[in-house]
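In the numbering used here, the protein residues as written are 1 to 491.
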Amino acid sequence: MKKYISKTILAASVLMATACVDDLTSLNVNPKAYQSGLVPEGPFFANASRNVVDQVTYGMNFKIWSQQFAQTTYFTTSNYTLTDVGSGFWSSLYQSVLIDYKEAKKILTDNPSFYAGVDQNKMAQIEIMEVFTYSLLVTTYGDIPYSGALNTSLKAEALDPDNLTPAYDDGEEVFYDLLDRLDAAIADLDPDVDNGGDLGFGASDLLFGDDITLWIKFANSLKLRMGMFISDSNPSLAKSIVESISASDLITSNAEIAQLQYLSTTPNTNPIWVGLIQSGREDYVASNTMMDIMQEPAVDDPRIPEYYTLDNFGGYSGGTYGTSNAYVNFSKAGAKVTSATWPGILIDYTEVEFLLAEALAKGFTVAGTIAEHYENGIRASMDYWGVAEADADLYIADPDVAYATAIGSTDLQKIARQKYIAMFNRGFEAWGDYRRFDYPVYNVPPNPGGPFPVRYTYPVAEQTSNGESYTEAAAAIGGDDLDVKLFWDVN
């Protein structure tokens, strides 16, 4: 396996106003406990970055809905009967992520450094992460509180702690504004600025260790993802967005992944380790959906032992989705995924390659062929998970996998099937892809409480504390229900 770069987390150490960020363990210090302006922007940026990675890394609801896992005892998630399902995701992203990015911006604005170019890079990095975070919210809920962000004001209504009743903005308009903000941030990034040592956030950059070139690649890869998200609802704009991106400005190898390396000591460990291993929970086993798809070709997918453990009988098997499953009998999440130090991914090379394959399948003009990007996506995933090249070759040569004869009646189905496998442990992206592709075919739970969930409902707290805005938003999107399709989900 090629050695990929895992950027070790170096996070908030608040010792004094001029303190640097030494290591992630210092995130135990709460920067909000300090008077604004007395703490540098780095701790806020680092804290917010880790929190957003935590949200997309754990997210068991997304992993269950994408049928990577089945439940053993409690079936509310797999039977689509959850209530107030969106509260934790919503509150974490607004209160633990966006508020901290806002504070970092304020500190930068109020306390400019001697190096204007470095400050500009920092502001662009914050913008990119805000765009990433808002993109999660708008593709999950639809209309969201965003007022004021259309001019990127530091006093954005949605992030004003004194305003408990922020208005909601139209999700599609928010999405388009995020794309504009992303373009502006990319243009502001400069890897050659005059500096005093750091080009941007330095040690507080948990994703790329102050490599601005990799930030440019990350931002363009996010732009590619967002472009493809609207490829059905606004194909002409999506085509323009995707075709405007230079291939060299995308993530092009596993050495350039946007990921955060967790540590072996609490509280800075992989949240999956916390949720499954440290807690001792026995709620989840492999799903028969994912396992059947991986075992369908004549050559079993060589990633199976990387994804899952052996079952009680010395093989690999998944529990039936939506029913009771004996924990001891089935495969579970594997040793890598449940390691305390396994990294959390925001965007990787595998995803980029499958997005490019999809773009070509939809008639967009990008370099390469569908088959090339399809195979590159599979190989990138194999490489990341540590599969030997010979085993990857054997699998890709299987007629059910080789692009020309792969399972699937259309180009998009072939791509969606292999991307589904590759998005293991990235439940949010897998759930998003299923909402876009409606493929591969999922198992239907025996006693579903409703249709497959295609959005999170708004938090109950919004109904009680922001009732008027909530009611207007719910009506605007067609109802606050799990099965209401959002603006981009038209097919």
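All C-beta atoms in this analysis are idealised placements derived from N, C-alpha and C, irrespective of residue type, glycine included.
By the CB criterion at 9 Å, residue 220 and residue 272 fall outside the cutoff. The region 236 to 322 is shown to contain whole alpha helix (DSSP H) runs of 4 or more residues at 288 to 295, 304 to 307, in chain order.
Residue 205 is bridged by DSSP to nothing; it lacks a bridge partner. Look at the beta carbons and you see the region 75 to 94 touching the region 443 to 463: at least three pairs across the two are nearer than 8 Å. In the structure shown, residue 169 falls within a strand segment according to DSSP collapsed to helix, strand and coil. With a contact defined as Cβ atoms closer than 8 Å, residue 420 and residue 433 qualify at about 7 Å. Contact between the region 249 to 265 and the region 277 to 292 is absent: fewer than three C-beta pairs spanning the two stretches fall below 8 Å. Restricting attention to alpha helix (DSSP H) runs no shorter than 4 residues, the region 413 to 469 encloses them at 427 to 437, 460 to 465, ordered along the chain. The Cβ-Cβ distance between residue 370 and residue 380 does not fall below 9 Å.
The DSSP-derived three-state label of residue 399 is coil.
Approximately 12 Å separates the beta-carbon atoms of residue 216 and residue 199; this is outside 8 Å, ruling out the contact. Counting of Cβ neighbours within 10 angstroms places residue 110 among the exposed residues, the total staying below 16.
Here DSSP, grouped into helix, strand and coil, assigns residue 82 to coil.
Between residue 118 and the set 128, 335, 191, the nearest pair of CA atoms involves 191. Look at residue 55 here: in three-state DSSP terms it is helix. Annotation: the continuous beta strand (DSSP E) that includes residue 344 extends over 344 to 347. When rounded, the separation of the alpha-carbon atoms in residue 71 and residue 326 is 9 Å. Residue 378 has no beta-bridge partner at all, per DSSP. Contact check for residue 254 against residue 349 passes: the beta carbons are separated by less than 9 Å.
9 Å or more divides the Cβ of residue 115 from the Cβ of residue 242. Around the CB of residue 231, 16 or more other CB atoms lie within 10 Å, so the residue is classed as buried.
In this structure, the CA atom of residue 63 is about 21 Å from the CA atom of residue 296. Comparing C-alpha distances from residue 94 to each of 124, 54, 145 shows the shortest one belongs to 145. The straight-line gap separating the alpha-carbon atoms of residue 218 and residue 257 is approximately 8 Å. Inclusion of residue 340 and residue 457 in the CB contact set at 9 Å is not warranted, their separation being larger than that value.
If the five residues before and after residue 239 are omitted, its C-beta is found closer than 7 Å to the C-beta atoms of 364, all from its own chain and listed in chain order. Collapsing the DSSP output to three states places residue 43 in a helix.
The beta-bridge partner set that DSSP reports for residue 71 consists of 284.
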